[in-house]
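Participant: The following block contains the structure, expressed as structure tokens.
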Amino acid sequence: MTDLADTTIDALRQVGRALDPGVPDVAPDQAWAVRRSQHRLVSPGNRRHFRVIVVGTGLAGAGAAAALAELGYHVDAFTFHDAPRRAHSVAAQGGINAARARAVDNDSVHRFVVDTVKGGDFRAREADVFRLAAESSRVIDHLNAIGAPFAREYGGSLSTRSFGGVQVSRTYYTRGQTGQQLQVAAAQALLRQVKAGRVTLHTRHEMLDLVVADGRAQGIVTRDLVNGQIRAHTAHAVVLATGGYGSVFHHSTLAVHSNATAVWRAHLRGALFASPSFVQFHPTALPADSPNQAKTTLMSESLRNDGRVWVPTHPGDARRPNEIPEHERDYYLERRYPAYGNLAPRDISSRAARVEIDAGRGVGPQKNSVYLDFSDAIARLGRATIAERYGNLFAMYADVTGEDPYVEPMRIAPAAHFVMGGLWSDFDLMTSVPGLFVGGEAGSSYHGANRLGANSLLSACVDGWFTLPLTVPHHLAGLLGEPVLDSDAPEVAAAVASVRERVEALLAVGGRTRASSFHRELGEVLRRGCGVSRTEAGLRAALTEVSALRERFWADLWVPGDGGRLNQELESAGRVADFLDLAELMCLDALDRTESAGAHFRDEFQTALGEAKRDDDRWCSVSAWEHGSPPVRHHEPLHFSAVPMAERDYR
Amino acid sequence: MKLTVEVWRQESPADAGRWERHEVDDAASHLSLLDLLDLLNDQIAAAGGEPVAYESDCREGACGACGVTVNGVPHGPVPRTPSCRQHLRSFDGATRLRIEPLRSAAFPVVRDLVIDRSALDALVTAGGHVAINSGTASDAEALPIGHDDAETALDFAACIGCGACVAACPNGAAHLFAGAKLAHLAMLPQPALERGRRARAIVDELEQRFGPCSTYGECAEVCPAGISLAAVAAVHREGIRAWWRGRDD
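Protein chains in written order, with our numbering: chain G, 1 to 651; chain B, 1001 to 1249.
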């Protein structure tokens, strides 16, 4: 790759083309129904002749694999974990949204769409959001039926709670472990198909390349993490449901092994990458207490239902929180956003916290956090109620910090969390490589520039259980009678050879520094340059630093051992190498987009009140990057007909 | 704080394995057990050695990937807490830690502290699921579930699949894991339609792959999800019920 810091952005802007996502030309709430009616079908007797590869066994991957297998297709499912249940969907805590609108709080499908589109600051595809809303109801029915024990009222009906950015109660949950319960249910459904012989499950396999032949995705190359064997698997279609890449920041709420490799490898083989710089910083993570810590701990946003966020009015106030009198506390979210208060959306809450911390009002030993205080809620509702709602979160907080949140306020801080960016896909979730589909956080279309809490479990489920099972067969229908690509095909051999070369290159650098050390440095570069807020100068500096870091990586990397057995250093090195390339594209994307939108906040573009200032004339579009040297930036124009465009206002 | 760490090293399943001793000089009390392993690995790497292989992922106690034995106790000295949430400050001033894999005949060592727990998934594959295809479920509100039943089902469903219960059991039984799954699904009306056939399938698989239960109760002592011994009773109850009724429900 050329040195992008020296590339003029203006030159990049001359070459891209407008992308068509294939949304039928009807009202957005009708688009999915019309599109479904256009989908071709595969008759039940023919389905077993088709093979589909699904990479990732989280909510999107396990759902897609199980649903396709239930229909009769043969699925090869891959996970780098030892068991499908461990995918990172497991860690989502607070809940899953659904526009079931049973209560009389005036919720509706339309209101769900308004909240999600507005929450995403008008950078999501409206028709996709309608699909998300329309399918949300039966997601709850399905997961309930396959074993997720949703919280229930004493009358036996499903319980709900509220999340940031909404004024209704549409979040379904199972204590603070919703992701875990949904993930376990989905993994069970996947294993049911393993038992039925329709899914072949490949655990401890990492996808390291995509096989593209005859202009379409026809397989993947994997490395068996236990014995190091590198081999290709071929199929009629490939689904990537490999999650997000917030872990590029090193300190993030993501699991330590979450990575970008599968989507990045697909990008290098031709899949466009949408909005790589759109990263959400979660406002209620625990502050890092040492630079060596592998990750930060997430505390569910649901805590903001009952917790009040505040900082001391005076910078540098060193008193214990309970010694600070009420009139010397600034409940800054309630003050700045009275209508939504502590439930302001994540991007706004994170930025507001960052403003307070940067002004010296941060608390805790590192002065890098703000308080989340439950004393009012405990006084109002009693300790038992708070314990039932958040007991496991309070216990986790006590484990990590050694402090008791029933007695003293929690300390929270923004941390890299969810990426709205990912592989660009059309309305059918098909990427720009025919036959390559994407689901869940690996994709990009629902959340715009900021995701609402509890919409990520939903989008993974809608993709996996209800969208891909319709759209993948539409692609397969055109391939009736086609055998799977021969494993001796030149494209297969070339992909396998390139993976081998890369693994050998990582082992051969022979330097002195562990991959984890480069990862930590990369995280610091990104947090400074491409974090909660960005500037042109900061992004240009970050581009230079990333480029220099990559050069050092390939000169000074140390990977012990060999590639023929379990070698976690080698796995980590490959992922960090891809993070370094991705980081560059993230900075370039953020530099290119001369506006603020949602979580992408450029200091140069803000309103008089310090909120994100969009430039709808120039940037009402999704940026989708094509790999190249330099990369080419295409754009998908966005249109909003059901939700009138407006400045987001949570005051 | 200065710590002596003895850690299990094993190249492969076939290798006999050995203890390796290290001194860690700056083990701060706020470190988690896994932070300590990271620190140890930095130290080993700095000296040119191969870091210790171990598993972890979410580090929040949900994924169940982590799990090592510390001074003979699965997950570590803090009861009912996963390895990722064990912090040195709670180790009662211990100055010597022996860290080894979760050990059981059903869990072969892959490398160092990494084990193969696929036998647990074999139990789920055998019958730990619900025969409802995508899109065919009835309305979740159509079958009311009492608040307490849902909460009790969730108490059992909280299992994170780490395998510590098996490692803690002198017999290498997996009754806590299997019983948690059976009890969780038996409590809920839709999954309960297959209660009998599920119990037969899981109990058969359990007997083939794991040891028998003698109700020592060590499993519940270490369970990071707080699964109670009632899960063990559920294995027997569900098994006998299925045999007695001879039906699929």
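We treat Cβ as the ideally placed atom computed from N, Cα and C, and that holds for glycine. Please read all numbers here as calculations on a predicted model, not as lab measurements.
#1: Can you tell me where the alpha helix (DSSP H) holding G:His519 begins and where it ends?
#2: Does chain B have any CB closer than 8 angstroms to the CB of G:Ala555?
#3: Can you check whether the C-beta of G:Phe466 is within less than 8 angstroms of a C-beta belonging to chain B?
#4: Could you spell out the range, first to last residue, of the beta strand (DSSP E) harbouring G:Asp626?
#5: If you drop the 5 nearest sequence neighbours on each side, which residues of the same chain put their C-beta closer than 6 angstroms to that of G:Gly56?
#6: Distance check for G:Trp558 and G:Leu588, CA to CA, integer angstroms please.
#7: Applying the 10 Å Cβ sphere with the 16-neighbour rule, what's the burial state of G:His639?
#8: Any beta-carbon of chain B closer than 8 angstroms to the one on G:Lys367?
#9: Where does the unbroken alpha helix (DSSP H) through B:His1147 begin, and where does it stop?
#10: Going by DSSP, what residues sit across from G:Met652 in a beta bridge?
#11: Mind pulling the chain G residues with CB within less than 8 angstroms of B:Ala1150?
#12: Measuring CB to CB, does G:Arg602 end up less than 8 angstroms from G:Thr535?
#13: Identify each residue in the segment 398-416 of chain G for which the Cβ-Cβ distance to at least one residue of chain B is less than 9 angstroms, and report them in chain order.
#14: With H, G and I counted as helix, E and B as strand and the rest as coil, what does DSSP make of G:Leu638?
#15: Would G:His327 be called buried (16 or more neighbouring beta carbons within 10 Å of its own) or exposed?
#16: Taking C-beta pairs closer than 9 angstroms, name the residues in chain G that B:Cys1165 reaches, listed in chain order.
#17: Could you check if G:Gln293 is buried or exposed, using at least 16 other CB atoms within 10 Å of its CB as the buried criterion?
#18: Skipping 5 residues on each side, what residues in its chain have a beta carbon closer than 6 angstroms to that of G:Asp214?
#19: Taking the straight line between their C-alpha atoms, what separation do you get for G:Ala196 and G:Ala148?
#20: For G:Leu12, which residues in the same chain have their Cβ closer than 7 angstroms to its Cβ, ignoring the five residues on either side in sequence?
#21: Taking G:Leu580 as part of the alpha helix (DSSP H), name the residues at either end of that continuous run.
#22: Since G:Ala33 meets chain B, which of its residues come closer than 9 angstroms, beta carbon to beta carbon?
#23: Of the residues that make up the segment 1065-1082 of chain B, which ones have a beta carbon closer than 9 angstroms to any beta carbon in chain G?
#24: Using 8 angstroms as the threshold, is the C-beta distance between G:Leu507 and G:Gly574 below it?
#25: Taking C-beta pairs closer than 8 angstroms, name the residues in chain B that G:Thr297 reaches, listed in chain order.
#26: Any Cβ of chain B within less than 8 angstroms of the Cβ of G:Arg107?
#27: Compute the Euclidean distance between the alpha carbons of G:Met1 and G:Gly628, then round it to the nearest angstrom.
#28: Using a Cβ cut-off of 7 angstroms, pull out every chain G residue sitting near B:Gln1010, in sequence order please.
#29: Counting C-beta neighbours from all protein chains within 10 Å, is the total for B:Ile1240 16 or more, i.e. buried, or is it exposed?
#30: Going by DSSP, which residues form a beta bridge with B:Pro1074?
#31: With DSSP run on the structure shown, which of helix, strand or coil describes G:Thr253?
#32: Where does G:Ile324 sit, in a helix, a strand or coil, going by DSSP?
#33: Could you tell me which residues DSSP pairs with G:Arg500 in its beta bridges?
#34: From G:Val643 to G:Leu19, what distance separates their C-alpha atoms?
#35: Which residues of chain B have a Cβ atom closer than 9 angstroms to the Cβ of G:Gln167, listed in chain order?
#36: Take the Cβ of G:Val407 as the centre, count every other Cβ of all protein chains shown within 10 Å, and call the residue buried at 16 or more, exposed below.
Facilitator: In short:
#1: 515-529
#2: no
#3: In terms of beta-carbon proximity, G:Phe466 lines the interface with chain B, with at least one pair separated by less than 8 angstroms.
#4: Before going on, a small fix: residue 626 of chain G reads as Glu here, not Asp. Segment 621-626, the beta strand (DSSP E) holding G:Glu626.
#5: Ala241, Thr242
#6: 28 angstroms
#7: exposed
#8: The beta carbon of G:Lys367 does not come within 8 angstroms of any beta carbon belonging to chain B, so the residue lies off that interface.
#9: 1147-1157
#10: It is not possible to answer for residue 652 of chain G, since the shown part of chain G is limited to 1 through 651.
#11: Within chain G, the residues near B:Ala1150 are Pro149, Phe150, Ala151, Arg152.
#12: yes
#13: Asp399, Val400, Thr401, Gly402
#14: When secondary structure is reduced to three states using DSSP, G:Leu638 falls in the coil class, being assigned neither helix nor strand.
#15: exposed
#16: Listed along chain G, no residue sits closer than 9 angstroms to B:Cys1165 by beta-carbon distance, the nearest being about 15 angstroms off.
#17: buried
#18: For G:Asp214, there are no CB contacts under 6 angstroms within the same chain when 5 residues up- and downstream are skipped.
#19: Distance between the alpha carbons of G:Ala196 and G:Ala148 is about 22 angstroms.
#20: Asp592, Pro630, Arg633
#21: 568-592
#22: Within chain B, no residue comes near G:Ala33; the closest Cβ sits about 15 angstroms away, beyond 9 angstroms.
#23: Ala1065, Val1078, Thr1081
#24: no
#25: Those are Arg1059, Glu1060, listed as they occur along chain B.
#26: Note that residue 107 of chain G corresponds to Asp in the displayed sequence, not to Arg. No - not a single Cβ of chain B is within 8 angstroms of the one on G:Asp107.
#27: With a pLDDT of 44 at G:Met1, under the threshold of 50, the modelled position of that residue is not reliable, and no figure is offered here.
#28: Here the premise fails: no neighbours, minimum Cβ distance about 11 angstroms.
#29: exposed
#30: Beta-bridge annotation (DSSP): B:Pro1074 is paired with B:Thr1069.
#31: coil
#32: coil
#33: According to DSSP, which records beta bridges pairwise, G:Arg500 is partnered with nothing at all.
#34: 22 angstroms
#35: Neighbours of G:Gln167 on chain B: none; closest Cβ ~23 angstroms, over 9 angstroms.
#36: exposed
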